[in-house]
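Numbering (the UniProt record's numbering), first residue to last: 1 to 273. Glycine included, each C-beta is placed from N, C-alpha and C at the ideal position. Since we're looking at a predicted model, the values are computed, not measured. First comes the structure, then the notes that go with it.
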C-alpha cells in the first residue's frame with residue numbers, strides 16, 4: 001500500500017556519544033513516528049491530555065523496530081537501552097533477559113557529562129583482557145557488582161510503598177561500593193574521580209554511568225536536600241568544565257505530547273528548526 005510522505009524533525013537535549021542511550025532514544029522515537037504515520041499503531045493522544053502512551057502490544061512492536069535501528073547503529077546491542085526508552089521506569093537485565101520493575105520510585109539525580117570521549121568497545125575489551133589475566137581477582141569483582149545490583153533492586157522495591165531516609169542512605173552506600181568496584185575493573189577515569197570528589201564535598205554520592213572511561217556520571221539527590229545546595233553542587237561541577245543537569249530516574253517511556261504541554265525552552269528550540 002502507498003505510504004505517506006513526511007518530514008521528520010529531530011531535536012534532543014541528550015549529548016551524543018556520552019553513554020546516555022541517545023541512539024536508543026532516537027531509534028524508539030523514529031520507530032514510533034513511522035509506525036504511527038503508517039497506521040500500524042494508533043495515535044493514543046486524546047483532546048485535553050498533555051501526554052499519552054501506547055498499549056502493551058504497541059510498545060512491543062515499537063521496541064522490536066527500535067532494536068533493529070540499534071542493530072544498524074551498534075551491530076550487536078543488548079537491547080537494554082531501547083527497552084528503557086520504550087517502557088521507561090527501571091529495567092533488570094540479567095543473562096540476556098530484560099524485565100521491568102513494577103513501580104520504581106522516581107529518584108532525583110544530577111547527570112554530569114565530563115565531556116571526556118571514550119570508546120565503549122575498547123573499555124569492554126580491556127575488562128575482558130583483565131578477566132583473562134586475573135580471573136581469580138576479576139570474577140569476584142563481577143560477582144560482587146551483581147550482588148550490589150540485586151541489593152539496589154531490593155531497595156527500590158521497598159521504596160515503592162513508602163520511601164524513607166534510610167533507603168537513601170543504603171543507596172548512597174551501594175553507589176560508593178559500585179564506583180570503587182568499577183575503578184578496580186579499570187573503567188574509571190580521573191575526570192570521574194574528580195566528579196565524585198566534588199559531589200562528596202557537598203555530602204553527595206556519585207558513580208559513573210555507561211561504559212565509563214570518561215563520559216557521564218550520576219549523583220543521587222536526597223529528598224531532604226535543599227535547592228541552594230543542589231545549585232551550589234551544580235556550579236562546582238560546572239567550574240570543573242563539566243555540563244550538569246538536574247533530572248530523574250524512573251521517568252515514563254515513549255509518549256506523545258500536546259504542543260501546549262511542552263516546556264518553553266523545548267518549544268523555542270523546535271520553533272527555531
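Straight-line Cα distance separating residue j from residue i
i	j	result
residue 247	residue 60	26 Å
residue 243	residue 109	14 Å
residue 93	residue 208	18 Å
residue 19	residue 38	31 Å
residue 269	residue 259	13 Å
residue 105	residue 156	7 Å
residue 43	residue 55	11 Å
8 Å contact criterion, which residue i and residue j should meet: CB distance rounded
i	j	result
residue 107	residue 250	6 Å
residue 85	residue 253	6 Å
residue 112	residue 219	7 Å
residue 217	residue 182	Contact doesn't hold; Cβ gap of about 11 Å is too wide.
residue 14	residue 22	4 Å
Below-8 Å beta-carbon distance, residue i vs any chain B residue
i	result
residue 139	The structure shown contains no chain B; it holds only a single protein chain.
Neighbour-count burial assignment, residue i, 16 or more Cβ in a 10 Å radius
i	result
residue 143	exposed
residue 1	exposed
residue 138	buried
residue 87	buried
Pair within 8 Å by beta-carbon distance, residue i and residue j
i	j	result
residue 184	residue 141	yes
residue 98	residue 124	no
residue 66	residue 82	yes
residue 62	residue 101	no
residue 151	residue 174	yes
residue 57	residue 27	no
residue 126	residue 186	yes
residue 52	residue 198	no
residue 222	residue 160	no
residue 241	residue 117	no
According to DSSP, residues forming a beta bridge with residue i
i	result
residue 208	217
residue 113	216, 243
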